[in-house]
Amino acid sequence: MDSHSTYLLYTLLVLKKYSHSEKMLTTGNIMEYIQEDFELEKKLDRRTVAKHLNILKQLHLHSEDLKEPIFPYELVQEGRTYYLRSNFEQSEVKMLCDAVASSRFIPKKYSEQLIQKLGALVGQNYISQYANRIQFKDDTEKEYNASLFYNIEQVSEAIKQGRAIEFDYYKYNLKKELVPFNGTDMDRRKVYPYYLIWTLNHYYVMCRYENYEKEYFLRLDKMKNIDILKEKVESLPASFDIHTYTRNQVFMFGGKAEPIRFRCKCSILGPVIDFFGEDVEIRPMDEEHFQVRIETSQQSIFYWLVQYAGSIDQIEPAELRERYIQQLKTALHMNEEGAD
Numbered sequence: 001m002d003s004h005s006t007y008l009l010y011t012l013l014v015l016k017k018y019s020h021s022e023k024m025l026t027t028g029n030i031m032e033y034i035q036e037d038f039e040l041e042k043k044l045d046r047r048t049v050a051k052h053l054n055i056l057k058q059l060h061l062h063s064e065d066l067k068e069p070i071f072p073y074e075l076v077q078e079g080r081t082y083y084l085r086s087n088f089e090q091s092e093v094k095m096l097c098d099a100v101a102s103s104r105f106i107p108k109k110y111s112e113q114l115i116q117k118l119g120a121l122v123g124q125n126y127i128s129q130y131a132n133r134i135q136f137k138d139d140t141e142k143e144y145n146a147s148l149f150y151n152i153e154q155v156s157e158a159i160k161q162g163r164a165i166e167f168d169y170y171k172y173n174l175k176k177e178l179v180p181f182n183g184t185d186m187d188r189r190k191v192y193p194y195y196l197i198w199t200l201n202h203y204y205v206m207c208r209y210e211n212y213e214k215e216y217f218l219r220l221d222k223m224k225n226i227d228i229l230k231e232k233v234e235s236l237p238a239s240f241d242i243h244t245y246t247r248n249q250v251f252m253f254g255g256k257a258e259p260i261r262f263r264c265k266c267s268i269l270g271p272v273i274d275f276f277g278e279d280v281e282i283r284p285m286d287e288e289h290f291q292v293r294i295e296t297s298q299q300s301i302f303y304w305l306v307q308y309a310g311s312i313d314q315i316e317p318a319e320l321r322e323r324y325i326q327q328l329k330t331a332l333h334m335n336e337e338g339a340d
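If you use full-length UniProt numbering, the sequence shown corresponds to residues 1 to 340, in order.
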């Protein structure tokens, strides 16, 4: 890299590191930071820095004309001061940092790295703000956690290419170790992947097995040794709507979506709206009850219904209601008699 390109990069790095809407830099500030950060014997002259600033302006203007912008920043000038504005707003980056800090599947080390990278997009260092939230995360180097990011890349690429994947699938044992799902041998599986979904604090791939029309959700952090195959993925029906299908998937059990109704006490109206969203279909029945209608699978909604057992009745369809009643009877019997 020639000296001109190097100094241009220095100017960009200084603007990324130090400038933001509440801390704008003069040309003199930029010259001083470049000399200090990169240990130059003397400062760059003002004309050189001014030329760099003009190039950065032009890069943004040129980038706006492209379908995929090559320069995700805008150099903002107010009088004789400048700052580099990211395509992200600080509030947007903070929201992403909150998600990283709260996520259980991203360990401490990677959380710190991601928050640093996100903060750099808007010229901020957010680590100190999240130190208390991430210090209690598991900071051990767990193999399955470390491979999660690779798994995301592999499955994303397979979905992009419309190709099947093959992988080993695992489950937890009582020692909290990941072991082959079938208990002894390696559980090698082939599926057709369609979507990646982050829900319930985990990443899932929505997929189908060969010759099965049912949707399944498999955890990415329980996959190892993912291979992208040459075999093309079978297309989903044209009528399939991923938003409608996943919106009411309480637990990621998959299964055929169908109309499900149940009556609730008004005391759980808040939790119903919080979980299913403000567009959930509800109908007042009397002063103390309302009816909920959603499109989801029986497997997915079952345990959600159980957790509100004292506030829900009149469940449809009948087969779901019978299964629900049997579950409550079993739970009552176990707790009255004591586990064997």
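The C-beta atom is built at its ideal place from N, Cα and C for all residues, glycine as well.
The criterion of a C-beta distance shorter than 9 Å is not satisfied by I294 and I242.
Beta bridge pairing from DSSP links R208 with Y192. For Y7, the closest C-alpha among the options H20, G28, S21, K51 is that of K51.
In the three-state DSSP reduction, K108 falls in the helix class (H, G or I). Contact between the region 112 to 120 and the region 146 to 156 is absent, with fewer than three C-beta pairs closer than 8 Å.
The alpha carbon of K171 has as its nearest neighbour, out of L40, G183, E78, S21, the alpha carbon of G183.
About 19 Å separates the Cβ atoms of Y324 and F290, ruling out a contact at the 8 Å cut-off. Here the region 254 to 268 does not lie against the region 231 to 239, with fewer than 3 beta-carbon pairs under 8 Å apart. Less than 9 Å divides the Cβ of R46 from the Cβ of M31.
With fewer than 16 other beta carbons inside 10 angstroms of its own, R283 counts as exposed. Cβ contact annotation for Q249 (same chain, cutoff 8 Å, sequence separation greater than five): T199, F217, T296, S297, S300, in chain order. In chain order, R247 place their CB closer than 8 Å to the CB of G277, counting only its own chain and leaving out the 5 sequence neighbours on each side.
Judged by beta-carbon spacing, D227 lies beyond the 9 Å limit of E157, meaning their Cβ atoms are not closer than that value.
When the beta-carbon positions are compared, Y83 and M24 come within less than 9 Å of each other. Counted as a single uninterrupted DSSP element, the stretch harbouring I127 is not any beta strand (DSSP E) but the alpha helix (DSSP H) occupying residues 127 to 134.
Bridge partners of Q291 according to DSSP: R263, R283. 9 Å or more divides the Cβ of V205 from the Cβ of Y212. Secondary structure of F149 (DSSP, three-state): helix. Within the same chain, and ignoring the five residues on either side of L320 in sequence, the residues whose Cβ sits closer than 6 Å to its Cβ are Q298. In this structure, A238 and Y192 do not form a Cβ contact; the two beta carbons are roughly 16 Å apart against a cut-off of 8 Å.
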